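Q: Numbering (this note's numbering), first residue to last: 5 to 116.
If you scroll down you'll find the structure; I have some questions about it.
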């Protein structure tokens, strides 16, 4: 099976209502204009639905699959951006590094 991607967009959720969400889509591969679209919530995978909130960033890739035998099927994939979460020990380590750098530069400890 051969997969070809023809277009990619970065989207931003603007609003959600009645089984649909409105989004601004910006092309990723070319410098075309942004467009506004109404998309079905059914197009969002179950794993991503908790991420579907106003302001959320997502990506759409559209293209086609060529199956053995030559049949071509149009397809698209919509996925939401997932950002990593900081662990408490990582935050504490970064705060300590920042405190040491401030001290090395001659700044007083942060009163907050």
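C-beta: ideal position from N, C-alpha, C; glycine also.
Quick caveat: nothing in here was measured; it's all calculated off a predicted structure.
Which residue from 65, 107 and 69 puts its Cα closest to that of residue 30?
A: Taking the chain shown and counting its residues from 1, one reaches residue 30 at position 26. Nearest of 65, 107 and 69 to residue 30, Cα basis: 65.
Q: Rounding to the nearest angstrom, what Cα-Cα distance links residue 36 and residue 93 in this structure?
A: Start at 1 with the first residue of the chain shown, and residue 36 comes out as number 32. Start at 1 with the first residue of the chain shown, and residue 93 comes out as number 89. Distance between the alpha carbons of residue 36 and residue 93 is about 43 Å.
Q: Between the alpha carbons of residue 87 and residue 15, how many angstroms are there, rounded?
A: Looking up residue 87 in the chain shown gives position 83. Looking up residue 15 in the chain shown gives position 11. If I take the Cα positions, the gap works out to 16 Å.
Q: Touching or not, the region 88-107 and the region 45-61, by the rule of three or more beta carbon pairs under 8 Å?
A: At 8 Å Cβ cutoff, the stretches do not touch.
Q: Which term fits residue 9, buried or exposed, when burial requires 16 or more other beta carbons within 10 angstroms of its beta carbon?
A: Indexing the chain shown from 1 puts residue 9 at position 5. Residue 9 comes out exposed.
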